[in-house]
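To start, the structure itself, in structure tokens.
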Amino acid sequence: MLSTLIEDTPVSCNSTPVGDILVPCPSTSQQSTSFDLQQNSNITELLKDIYKEITMILLKLNRSDASQSFQQCHSRDDLATLEDSLSNPQTHLHLINSLTSVGGDNIGASVRLMAGRLISSTLAVSCNWIGKHGKIGLKSSFPRIINVLRTKKLHNGSTDDIVDMVLKKWLKNMPAVVARSSTSSTQPADE
Numbered sequence: 001m002l003s004t005l006i007e008d009t010p011v012s013c014n015s016t017p018v019g020d021i022l023v024p025c026p027s028t029s030q031q032s033t034s035f036d037l038q039q040n041s042n043i044t045e046l047l048k049d050i051y052k053e054i055t056m057i058l059l060k061l062n063r064s065d066a067s068q069s070f071q072q073c074h075s076r077d078d079l080a081t082l083e084d085s086l087s088n089p090q091t092h093l094h095l096i097n098s099l100t101s102v103g104g105d106n107i108g109a110s111v112r113l114m115a116g117r118l119i120s121s122t123l124a125v126s127c128n129w130i131g132k133h134g135k136i137g138l139k140s141s142f143p144r145i146i147n148v149l150r151t152k153k154l155h156n157g158s159t160d161d162i163v164d165m166v167l168k169k170w171l172k173n174m175p176a177v178v179a180r181s182s183t184s185s186t187q188p189a190d191e
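The sequence shown begins at 1 in the working numbering and counts up one residue at a time.
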């Protein structure tokens with residue numbers, strides 16, 4: 001639609017806007033005609049390129065699929081499904097963008113909150129960093145998920161080593177966290 005409008009609109013003026021400046025058109029008719037044709041062609045191509053870029057941006061925004069939400073993983077199969085879906089760059093970017101809203105007062109808090117958003121506490125109990133003792137190894141089995149959690153956009157000033165250290169500690173402490181939460185939920189409230 002815009003490209004048709006661009007091609008069908010003649011440009012004739014005393015000056016032509018190019019960016020923030022006005023370029024005067026030549027005054028003689030023969031020079032003016034060839035200059036106007038060249039100028040029209042250049043502007044038309046520039047506008048077509050801009051139109052294509054805007055269209056691509058809008059498509060990416062629409063494809064970020066508000067309908068595509070990331071459910072918390074409750075099993076190894078859920079982790080594998082998420083890992084596979086992250087091979088798509090758009091899905092990868094969408095997950096990163098959805099995790100930017102998680103927050104946290106510092107790097108440790110934000111990594112723990114993001115990990116908790118992706119992995120349920122009961123699943124985290126059956127995971128560790130490298131997969132020892134029959135547990136699910138996050139680092140070796142799910143590198144794309146780990147790379148999402150390492151993304152610098154999510155926590156300024158962090159390094160992969162800091163994020164890894166927080167994740168290891170989070171996984172290590174998860175059995176105690178789950179035990180505390182199950183104990184507190186089964187005890188009667190004080191009267």
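No residue lacks a Cβ here, since even glycine has one placed at the ideal position from N, Cα and C.
Item: Those residues which DSSP pairs with I119 across a bridge; Value: C73
Item: Beta-carbon spacing of S199, G116 below 8 Å; Value: Residue 199 is absent from the model: the chain starts at 1 and stops at 191.
Item: Contacting residues, own chain, Cβ-Cβ under 8 Å from K216 (five flanking each side not counted); Value: Not covered by the structure: residue 216. The range shown for the chain is 1 to 191.
Item: Start-to-end residues for the alpha helix (DSSP H) that takes in T151; Value: Segment: none, T151 is in no alpha helix (DSSP H) and carries neither H nor E.
Item: Residue burial classification, A176 (beta-carbon count within 10 angstroms, cutoff 16); Value: exposed
Item: Distance, L149 Cα to A124 Cα; Value: 15 Å
Item: CB-CB length for T151 against I96, believed under 8 Å; Value: 5 Å
Item: With 16 other Cβ atoms within 10 Å as the buried cut-off, status of I119; Value: buried
Item: Opening and closing residue of the alpha helix (DSSP H) in which S141 lies; Value: 138-141
Item: Enclosing alpha helix (DSSP H) for S98 [first to last residue]; Value: 89-99
Item: Three-state secondary structure assigned by DSSP to N128; Value: strand
Item: Nearest-angstrom Cα separation, counted from L99 out to S85; Value: 16 Å
Item: 8 Å Cβ cutoff met for I136 and R180; Value: no
Item: As assigned by DSSP and simplified to three states, the class of D105; Value: coil
Item: Alpha carbon of M165 to alpha carbon of K132, nearest angstrom; Value: 17 Å
Item: For S126 and V178, believed in contact at Cβ under 8 Å, the rounded distance; Value: Contact doesn't hold; Cβ gap of about 10 Å is too wide.
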